[in-house]
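Q:
In the working numbering, the protein residues as written are 1 to 379.
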């Protein structure tokens, strides 16, 4: 290949890389998304459009079935009564179909050329090399590319993908550790709730016994006026014991409330980590789609170059690339299935977390109500 051709191709590639869309334009065209809520709304809109199209198609097919059914068709006698004469059906055996001649039929030759060109164009567009391979082969130089490409937000490099995957693995490990800690805190909270319930029941029993004792003391005061001093001493001792029990109970309540606040902070941290994980997954999916698009375009350009130099070799490579692409498509389907399962699991985790937060809030309300009742009873 001459240097002039190499320069033309490098200019084309540089122009192609320079005229890439801005990230905000991709967001406006619903190709990229800022948050998971935008993605969910877009998916819902697409589902609604699909349902509407399906309903319209079913409606049209129903109308066509009605029109084409034999119930609505006129019989030959009715047509004759209207003055319409029906022609006899021509059998297929009597028809003569002229077979096309490969050498003489110009229209057939033109159609075959179009088919061949469309197939070669598809193959060229599908099988394109990466920019690094083109630079290694010497088709274009890195300096020519760097002159036109602005290094603002260059996604899709292998190093960046490796870095993102390592960060995701670290975040997943961290989230697992946090999940274990949350389960431990939940067990502690349940144990504290059970212990608090037992203490409140004992305290209520103690209050009932003290009220009964006071009534007995009043009856004894009416009967015996001489034993007033002894009874007053007993009442003072009981009041001091009750006051001590109330103080201990309030201390335990405060400790439990502090524990519940710590659990709430841990749950909020877990929510933020889960949201960051979802954002990372979306960014990875967008980067992978961009990589596939760029790879396909570059493969097509490389196939065009090979077709200009050595078409037989290019066709052989195209056959191997098709077989490789089939195997890759199977792997991609499996990856999509796993991604769907991961999304479902993350949604389930978010639902469970919201239920946990609601449970914690309800327990807080119950604790506050119990504390108010204890204060009222102590007064």
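We treat Cβ as the ideally placed atom computed from N, Cα and C, and that holds for glycine.
1. Buried or exposed: where does residue 369 fall if 16 or more other Cβ atoms within 10 Å of its Cβ makes it buried?
2. Give a yes or no on whether the C-beta atoms belonging to residue 295 and residue 130 are separated by under 8 Å.
3. Determine the direct distance from the alpha carbon of residue 259 to that of residue 378, and round the result to whole angstroms.
4. Indicate the three-state DSSP secondary structure (helix, strand or coil) for residue 181 in the structure shown.
5. Over the uninterrupted alpha helix (DSSP H) stretch that includes residue 76, give me the two end residues.
6. Under 8 Å: do the segment 280 to 299 and the segment 113 to 120 share three or more Cβ pairs, one atom per stretch?
7. Assuming residue 34 is part of the alpha helix (DSSP H), what are its boundary residues?
8. Going by alpha carbons, who is nearest to residue 134 out of 180, 299, 353?
9. If I measure Cβ to Cβ from residue 359 and keep anything under 8 Å in the same chain, skipping five residues before and after, which residues do I get?
10. Using the beta-carbon count (16 or more within 10 Å), is residue 127 buried or exposed?
11. Please determine, among 167, 271, 139, the residue with the shortest C-alpha to C-alpha distance to residue 178.
12. Measuring only the C-alpha atoms, how far is residue 121 from residue 82?
13. Quick check: what's the CA-CA separation for residue 254 versus residue 27?
14. Run through DSSP, which three-state label would residue 128 get?
15. Where does residue 115 sit, in a helix, a strand or coil, going by DSSP?
16. Go through its chain and collect everything with a Cβ distance to residue 77's Cβ below 6 Å, but skip five positions before and after it.
17. In this structure, how does DSSP classify residue 295 when only helix, strand and coil are distinguished?
18. Using the three-state DSSP reduction, which class does residue 330 fall into: helix, strand or coil?
19. Terminal residues of the continuous alpha helix (DSSP H) containing residue 27?
20. Quick check on residue 369: does DSSP put it in helix, strand or coil?
21. Do you know how far the Cα of residue 63 is from the Cα of residue 49?
22. When the Cα atoms are used, what is the spatial distance from residue 181 to residue 274?
23. Residues in the same chain with beta-carbon distance under 6 Å from residue 97, minus the five sequence neighbours each way, listed in chain order, please.
24. Among the candidates 347, 357, 354, whose CA atom is the shortest distance from the CA of residue 40?
25. Which one of 34, 108, 31, 140 has the shortest CA to CA distance from residue 17?
26. Rounded to whole angstroms, what's the CA-CA distance from residue 265 to residue 336? Just pull it up for me.
27. Between residue 56 and residue 170, what straight-line distance do the alpha-carbon atoms span, to the nearest angstrom?
28. Assign residue 123 to buried or exposed, taking buried as 16 or more other Cβ atoms, counted over all protein chains shown, within 10 Å of its Cβ.
29. In terms of alpha-carbon separation, which member of 66, 267, 165, 52 lies closest to residue 351?
30. Kindly give me the distance between the Cβ atoms of residue 277 and residue 175, rounded to whole angstroms, as I take these residues to be in contact under 8 Å.
31. Helix, strand or coil for residue 303? Go by DSSP, reduced to three states.
32. Taking residue 184 as the reference, which of 67, 263, 138, 163 has the closest Cα?
33. Measure the CB-CB distance between residue 284 and residue 164 and report whether it falls below 8 Å.
A: By the coordinates alone:
1. With fewer than 16 other Cβ atoms within 10 Å, it is exposed.
2. Yes; because the gap between Cβ atoms is below 8 Å, this pair is in contact.
3. In a straight line, the C-alpha of residue 378 is about 25 Å away from that of residue 259.
4. Residue state, collapsed to three classes: helix.
5. For residue 76, the enclosing alpha helix (DSSP H) covers residues 76 to 82.
6. Flag = no, the segment 280 to 299 and the segment 113 to 120 do not touch.
7. It is not in any alpha helix (DSSP H) - residue 34 carries neither H nor E in the DSSP assignment.
8. For residue 134, the nearest C-alpha among the options comes from 299.
9. Taken in chain order, the list of residues that qualify is empty.
10. It is buried - the Cβ of residue 127 has at least 16 other Cβ atoms within 10 Å.
11. Of all alpha-carbon atoms in 167, 271, 139, the one lying nearest the alpha-carbon of residue 178 is that of 271.
12. Rounded to the nearest angstrom, the two C-alpha atoms are 56 Å apart.
13. Each residue's CA atom was taken as its position, placing residue 254 and residue 27 some 49 Å apart.
14. Secondary structure of residue 128 (DSSP, three-state): strand.
15. Of the three classes helix, strand and coil, the one that applies to residue 115 here is helix, per DSSP.
16. Within its own chain, no residue has a Cβ closer than 6 Å to the Cβ of residue 77 once the five positions on either side in sequence are excluded.
17. The answer is helix: DSSP assigns residue 295 an H, G or I state.
18. Residue 330 sits in a helix when the DSSP states are folded into three classes.
19. Here the alpha helix (DSSP H) through residue 27 covers 23 to 28.
20. Residue 369: helix per DSSP, three-state reduction.
21. Linking residue 49 to residue 63 through their CA atoms gives a straight-line distance of about 21 Å.
22. Rounded to the nearest whole angstrom, the C-alpha separation of residue 181 and residue 274 is 15 Å.
23. For residue 97, the predicted structure reports a pLDDT of 47, less than 50, and the residue's modelled location is therefore unreliable. A value from the coordinates is still provided. Within its own chain, no residue has a Cβ closer than 6 Å to the Cβ of residue 97 once the five positions on either side in sequence are excluded.
24. Residue 40 has its Cα closest to that of 347, out of 347, 357, 354.
25. When each option's Cα is compared against that of residue 17, the closest is 140.
26. Distance between the alpha carbons of residue 265 and residue 336: 34 Å.
27. Computed Cα separation, rounded: 49 Å.
28. Under this definition residue 123 is a buried residue.
29. Comparing Cα-Cα distances from residue 351 to each of 66, 267, 165, 52, the minimum goes to 267.
30. The Cβ separation is near 7 Å, so the contact holds.
31. Of the three classes helix, strand and coil, the one that applies to residue 303 here is helix, per DSSP.
32. Among 67, 263, 138, 163, the Cα nearest to that of residue 184 belongs to 263.
33. Yes, the Cβ-Cβ distance between residue 284 and residue 164 is below 8 Å.
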